[in-house]
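The structure under discussion appears below in the form of structure tokens.
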Amino acid sequence: MDWGIISSYWDLYMQGTWVTFKITFLSIIISTVIGYVLAIMRLSSVAPLRGMSFLYVWFFRGLPVLLLLFFFYYTMPFGLKLDAFTAAIIGISISSAAFKAEIIRSGIMSVDKGHLEAAEALGMNPLQKMGRITIPRTFRLLLPPYISNSVIMVKESALVSIITVQDLMFAAQRAFNNTFKVAETLGVAGMIYLTVTTLLMLVQYVCEKKMRTGV
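Residue numbering for the sequence shown follows the numbering used here, beginning at 90 and increasing consecutively.
Below, the structure written as structure tokens:
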């Protein structure tokens with residue numbers, strides 16, 4: 090390993106890592122909100138809402154993230170033009186929301202109906218039932234697939250370099266193009282991605298341990 094190359098481009102890697110973090114963090118928040126709304130729509134008694142949610146999940150679960158990135162960056166309708174950073178967040182968020190919707194929906198459906206009936210008997214409104222019954226009881230079930238999907242989002246964020254977002258992968262490609270050193274330039278990027286995904290998995294482990302022990 091030529092450590093001199095790594096040190097020479099370290100600031101570039103850190104800048105790219107920060108961009109990757111921002112894209113991933115914002116995409117997780119946005120996709121969670123959209124996914125939650127879609128899950129509620131899918132469980133609604135209103136048929137049009139269920140239909141729209143189903144179509145969204147069916148459509149965006151079947152499309153590659155790269156295709157969505159290209160669409161939002163290159164082919165927006167009505168002459169609209171998004172910058173690469175915004176296009177990246179929208180593309181990843183819309184794709185991930187379809188998966189998060191199914192994760193959240195399955196968690197909500199796992200709640201014992203008897204608990205919900207008891208909450209209604211106590212006079213709780215829908216928001217109170219959601220906050221006091223549904224969310225706490227589904228959190229444990231939702232956590233593993235939710236974190237797994239978030240890990241996938243971190244890795245998918247590497248695709249945004251293709252639409253010129255200066256993320257971690259863009260930094261690695263730039264370093265490689267200047268040095269032609271594969272192990273050093275791409276290896277550092279791989280270790281940073283592995284570190285980030287490992288931290289997410291540690292969060293999952295700690296949360297699951299606290300829920301098991303009740304701490």
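C-beta: ideal position from N, C-alpha, C; glycine also.
From a predicted model like this one, the values you see are computed outputs, not experimental measurements.
(message) What does the alpha-carbon distance come out to for the pair A210 and R150?
(response) Taking the first residue of the sequence shown as position 1, residue 210 is located at position 121. Taking the first residue of the sequence shown as position 1, residue 150 is located at position 61. A210 and R150: Cα-Cα distance of roughly 38 Å.
(request) Give me the Cα-Cα distance between F265 and T253, rounded to the nearest whole angstrom. (result) By 1-based counting over the sequence shown, the position of residue 265 is 176. By 1-based counting over the sequence shown, the position of residue 253 is 164. Looking at the two C-alpha atoms, the distance is approximately 16 Å.
(request) Specify the secondary structure class of G124 as computed by DSSP and reduced to three states. (result) Reading the sequence shown from its first residue, position 35 is the one you call residue 124. Three-state DSSP puts G124 in a helix.
(request) Give the DSSP-derived three-state secondary structure of N238 in the structure shown. (result) Residue mapping note: residue 238 aligns to position 149 of the sequence shown, counting from 1. Helix, per DSSP.
(message) Less than 8 Å between the beta carbons of A128 and L158, yes or no?
(response) For the purposes of this step, residue 128 is taken as residue 39 along the sequence shown, with counting starting at 1. For the purposes of this step, residue 158 is taken as residue 69 along the sequence shown, with counting starting at 1. No.
(message) Output needed for V146: all residues of its chain with C-beta closer than 7 Å, excluding positions within five of it in sequence on either side, in chain order.
(response) Your numbering for residue 146 matches position 57 in the sequence shown. Within the same chain, and ignoring the five residues on either side of V146 in sequence, the residues whose Cβ sits closer than 7 Å to its Cβ are L127, A187, A190 and E191.
(message) Closest to Y282 by C-alpha separation, out of D172, S239 and T268, would be which residue?
(response) On the sequence shown, position 193 is the one that residue 282 refers to. Considering only alpha carbons, the answer is S239.
(message) Using a Cβ-Cβ cutoff of less than 7 Å, which residues in the same chain neighbour V304 once the five nearest sequence positions on both sides are dropped?
(response) Along the sequence shown, one-based indexing puts residue 304 at 215. Annotation note: pLDDT 46 at V304 (below 50); position unreliable, coordinate value reported separately. Cβ neighbours of V304 beyond the five flanking positions: none.
(request) Can you give me the Cβ contacts of V271 inside the same chain, cut-off strictly under 8 Å, excluding the 5 residues immediately before and after it? (result) In the sequence shown, residue 271 corresponds to position 182, counting from 1. Excluding sequence neighbours, V271 sits near F265.
(message) With three or more beta-carbon pairs closer than 8 Å as the criterion, would you say the stretch 131-148 touches the stretch 104-116?
(response) no
(message) Quick check: the stretch 274-294 against the stretch 255-262, are at least 3 beta-carbon pairs closer than 8 Å?
(response) yes
(request) Determine, using beta carbons only, whether M290 and S116 come nearer to each other than 8 Å. (result) As a first step, residue 290 is located in the sequence shown; it is residue number 201 there, counting from the start. As a first step, residue 116 is located in the sequence shown; it is residue number 27 there, counting from the start. No, these two residues do not count as a Cβ contact at 8 Å.
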